[in-house]
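Asks: Take a look at the following structure, please.
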C-alpha cells in the first residue's frame, strides 16, 4: 500500500512538502488559473473553463463533489494540481478526474520544472501525504498521456496500465504543409469535393459569434440524436446537463480570443453540412464530437472533407500535433498513423482502496482482452446492440453467443 510503502520516500523528498485538498470550485479558481500558463504542463481539457461547467452541470448531478488536490513545495508554492471529483460507490471513496467521458485526456496541471525532474520518491511522498488525510480510498485516474509537449506526466512514475482504446494522433513536423499531412486526395474524393463546391454558398468556417455557435449546436443536437437513434446507440448528448455543459464551454472565450470548445463547420446556403468540435491550445488540437447532414449531401463524405479543411486551418497556424479522439475508426487512420500512449492508474490509499483498485484493474484487463480479440469483440458488440433492441428479451442468450 502506498500509504505504508512511501513513508521512507516522504522523508527523503522535499520537492513536495505539503498537500491541500479543496472542495469548492470558487475557492480553487484563482490558484487553478494561475497554473494555466506556459511554465506549466497542461492539456486543454484541464482548463478551469472546461472543467468548472462540467462539474457544475454534469458532475454535480451525478453525485460527484470537487476534490481538488494541490501539491506544494517547502516554500508553499504549488507544484501541481489534480482536478479530481469524489464519489462514494459501494462504500468506497473514489476520486477520479473531472470531465468524465467528455475529456479525451486527463492530467494534472504540473509546474514544468517539477515535471521534468520528478522522481518516484516525489510521487510516493505526494500520495503518502494525500493518504494521511484519509479523505479517499482509491484514485481511479484514467486516460492519462504519458507526456505532454515533451514533458513527462509525473503520474506515469507510479504503477499504471495501458488504456483499453487507442487514440490516433499525428505529429506535424516543422515546415510541414497541409498537403504533406493529407496527401493527394483520390480521384473519388476530388469528385465528391467538386459536388459540394457546386452548392450555392458552400463554405468552411469557424463559428465566431455566440449566435452562430448557438445555431450550429441547435442543429448538432437534433441531427446527432436522429443519427444515434437510427443506429440504436445510446445518446450521451440527450442529457440536459451535458447539453448545458457543451453550450457553456463552446461560448466561453479564452484570453487569446478563441473558445474553450471550437466549432468548425461546412455549410451552404441551404443547410449545415457537417461540424467538428475540438479543443486547441496553440500547439495541438483534439477533436471531440461531430456529425453530418441527413440530406443527400451526406454521400459526398462531408466529414472527411471538413477534417481536411481543419488540418489546413491549423497547419497554417503552425500547430505541431493533432489527435482524433479515442477509438480506431477507419476515417481516423486516413489522417493518423500513430497512437498517443495513454494509461490508467488505480492508486490505493487505504486497505479498502487496495481491494477496489484490484477489481478496477481486473475489469480493465478483461476489457483489453475483449477489445484486442476479434471474436470476443464481435460478441460484445452484438450484445450491446441486442440490449438496445426492444426484442432483446425474446432472444436466447445462447443464440447471441453463436451468432
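Residue numbers (our numbering): 1 to 403.
Glycine included, C-beta positions come from ideal geometry on N, C-alpha and C.
Would a C-beta distance cut-off of 8 angstroms place residue 275 and residue 290 closer than the cut-off?
Replies: Position 275 of the chain shown, counting from 1, holds the residue named residue 275. Position 290 of the chain shown, counting from 1, holds the residue named residue 290. Yes, Cβ-Cβ distance for residue 275 and residue 290 is below 8 angstroms.
Asks: Per DSSP, residue 154 is paired with what?
Replies: As a first step, residue 154 is located in the chain shown; it is residue number 154 there, counting from the start. In DSSP, residue 154 forms no bridge with anything.
Asks: Between residue 285 and residue 322, which are expected to be in contact by the criterion C-beta below 8 angstroms, what is the C-beta distance as a whole number of angstroms?
Replies: Start at 1 with the first residue of the chain shown, and residue 285 comes out as number 285. Start at 1 with the first residue of the chain shown, and residue 322 comes out as number 322. Their Cβ separation, rounded to whole angstroms, is 5 angstroms, which keeps residue 285 and residue 322 in contact under 8 angstroms.
Asks: Taking the alpha-carbon of residue 108 as reference, which of 100, 82, 162 has the nearest alpha-carbon?
Replies: On the chain shown, position 108 is the one that residue 108 refers to. It is 82.
Asks: Report the rounded CA-to-CA distance for residue 222 versus residue 116, giving the unit in angstroms.
Replies: Locating residue 222 in the chain shown gives position 222, where the first residue counts as 1. Locating residue 116 in the chain shown gives position 116, where the first residue counts as 1. C-alpha separation (whole angstroms): 45 angstroms.
Asks: Use the C-beta contact count for residue 166: other C-beta atoms within 10 angstroms, 16 or more gives buried, fewer gives exposed.
Replies: On the chain shown, residue 166 is found 166 positions in, with the first residue counted as 1. Buried, because 16 or more other Cβ atoms sit within 10 Å of the Cβ of residue 166.
Asks: In the DSSP assignment, what are the bridge partners of residue 40?
Replies: Position 40 of the chain shown, counted from the first residue, corresponds to residue 40. Note: residue 40 sits in a beta bridge opposite 111.
Asks: What is the DSSP secondary structure of residue 220, counted as helix, strand or coil?
Replies: Counting from 1 along the chain shown, the entry for residue 220 is found at position 220. Note: residue 220 maps to helix in three-state DSSP.
Asks: DSSP three-state label for residue 309, please.
Replies: For the purposes of this step, residue 309 is taken as the residue at position 309 of the chain shown. Looking at residue 309 - three-state DSSP - the assignment turns out to be helix.
Asks: What residue does the beta strand (DSSP E) around residue 80 start on, and which one ends it?
Replies: Along the chain shown, read from residue 1 onward, the residue named residue 80 stands at position 80. 78 to 89 is the span of the beta strand (DSSP E), which, as asked, contains residue 80.
Asks: What number of angstroms, rounded off, separates the C-alpha of residue 194 from the C-alpha of residue 66?
Replies: Numbered from 1 along the chain shown, position 194 holds the residue referred to as residue 194. Numbered from 1 along the chain shown, position 66 holds the residue referred to as residue 66. About 50 angstroms.
Asks: Go ahead and label residue 89 buried or exposed: buried means 16 or more other beta carbons lie within 10 angstroms of its beta carbon, across all protein chains shown.
Replies: As a first step, residue 89 is located in the chain shown; it is residue number 89 there, counting from the start. Classification of residue 89: exposed, given that the 10 Å Cβ count is below 16.
Asks: Sort out for me which residues DSSP pairs residue 262 with in a bridge.
Replies: One-based indexing of the chain shown puts residue 262 at position 262. 278, per the DSSP bridge assignment.
Asks: With H, G and I counted as helix, E and B as strand and the rest as coil, what does DSSP make of residue 214?
Replies: To locate residue 214, count along the chain shown from 1; it is residue 214. Looking at residue 214 - three-state DSSP - the assignment turns out to be helix.
Asks: So, using beta-carbon positions, are residue 85 and residue 55 closer together than 8 angstroms?
Replies: Working through the chain shown from its first residue, we reach residue 85 at position 85. Working through the chain shown from its first residue, we reach residue 55 at position 55. Result yes, Cβ atoms of residue 85 and residue 55 sit closer than 8 angstroms.
Asks: Quick check: residue 154 and residue 118, are their CB atoms within less than 8 angstroms of each other?
Replies: Looking up residue 154 in the chain shown gives position 154. Looking up residue 118 in the chain shown gives position 118. Yes.
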